[in-house]
Amino acid sequence: MDWLPLALSLLCFVFNIPSGIGKVLELSDRFLEVRNEGAWFVMFYAPWCGHCKKLEPIWNQVSQSLYPPVVRVAQVDCTRFPNVASEFKVKGFPTLIFMKNGETFHYKGERTRETLVDYAERMALPPIQVIGDSNTMKNKINSQQKFFLYIGDNAGPTWEAFNVTAYEFQPYIYFYSISLPVLLSSGIETVDHAPSVMVFKDGTHYIYKNEKPVALENRLEGEESETTPAQTELSNMRDWINHERFPNVVEISGGNFHQVMKIKKYIVLVVTEVDKVGRMPKPMRE
């Protein structure tokens, strides 16, 4: 028996599928029945929305770039299926939501093909990916990709803090783990103990140092209670990762403005035309 026609018929029952490979899936309200099956990147739109029309060709490019689909790229007309929009608490258009394992993540970054594809590919993976050999580590360094790296066994307060923080910041940056022997064999010799955490960015790397003192909380009735080392580790690591996830020089845009403002660092702002940044004198760029 030929199962392909039957399979296609079942898909069409749930989606209004346009013809062509790598096309965006047009969802119906039956999507609510299958939303927990696999990973989805969905645009919620209205036909009258000008921003939606502007994003449409980029959204098509995202779908084509992610084919064959580890992540299914789709869209839903909220004027036809308001119950779907209500279920996901959509307040404006277009709204982009990534879904996996029953969880939803609202995308708030740049709306370019490159950034959207990178986001979808990163979110489809586990929050922390394991680097198992020195060649892979060297390739990661040579790729100039920004990422955080945990070195050591998957146990203890440092690992737990890294694990929790990686889940929170996965929408923004990559996280990896590696054993100390594999790291040393890749040529990185600045780390001599585990567990350790590093950030790789701007062509160099830095080591996380948990040097903040344990905080004291003032409780009711004037009592003082010392936070646990695990709580302090998590708080300190979260602050450090939030600070270090941006490059030293970052272009401020509508997609990252609010994130940059949350890092609690002094910011030197240079206002210039984007296409002239590369021609700025080196001392000014630095």
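When you line the sequence shown up against mature numbering (1 follows the signal peptide of the UniProt record, and there is no 0), it's residues -22 to -1, 1 to 264, in that order.
Ideal Cβ positions, reconstructed from N, Cα and C, are used throughout, including at glycine.
- Short of 8 angstroms from the beta carbon of Ala24, and not among the five residues preceding or following it, lie these beta carbons of its own chain, in chain order: Cys30, Asp55, Cys56, Thr57, Phe71.
- Burial state of Arg8 is exposed, judged by a 10 Å Cβ sphere holding fewer than 16 other Cβ atoms.
- For the options Asn38, Ser112, Ser64, the alpha carbon positioned closest to that of Thr90 is the one of Asn38.
- Boundaries for Thr93: no beta strand (DSSP E) harbours it, while the alpha helix (DSSP H) harbouring it runs 91 to 101, taken from the DSSP string.
- Glu211: member of the alpha helix (DSSP H) spanning 207 to 222, first to last residue.
- Closest option to Thr73, judged by alpha-carbon separation, among Ile106, Glu88, Phe126: Glu88.
- Exclusion of the five residues before and after Ser112 leaves Val160, Ser163, Ser164 as the residues of its chain whose Cβ lies within less than 7 angstroms of its Cβ.
- Contact between Phe153 and Phe126 holds, since their C-beta atoms are separated by about 5 angstroms, short of 8 angstroms.
- Looking from the CA of Thr210, the closest CA among His171, Glu167, Ile151, Thr143 belongs to Thr143.
- With a beta-carbon spacing of about 15 angstroms, Met215 and Gln148 fall beyond the 8 angstroms limit used to define contacts.
- Where Ile119 is concerned, the enclosing alpha helix (DSSP H) starts and stops at 112 to 120.
- Exclusion of the five residues before and after Leu10 leaves Val62, Glu65 as the residues of its chain whose Cβ lies within less than 7 angstroms of its Cβ.
- The residues Tyr128, Val175, Met215, in chain order, have a CB closer than 7 angstroms to that of Phe140 in the same chain once the five nearest residues on each side in sequence are set aside.
- Around the beta carbon of Trp218, 16 or more other beta carbons lie within 10 angstroms, which makes this residue buried.
- Assignment of beta-bridge partners to Asp55 by DSSP yields Tyr23.
- Here Gln148 carries a coil assignment [DSSP, helix/strand/coil].
- Thr182 sits exposed, since fewer than 16 C-beta atoms from the chains shown fall within 10 Å of its C-beta.
- Around the beta carbon of Thr136, 16 or more other beta carbons lie within 10 angstroms, which makes this residue buried.
- Arg8 sits in a helix when the DSSP states are folded into three classes.
- By the Cβ neighbour-count rule, Gly80 is exposed, with fewer than 16 other Cβ atoms within 10 Å of its own.
- The three-state secondary structure of Leu44, taken from DSSP, is coil.
- Ile106 sits away from Lys118, with the two beta carbons spaced by 8 angstroms or more.
- Contact between Ala98 and Val49 is confirmed by a C-beta separation of about 5 angstroms, below the 8 angstroms threshold.
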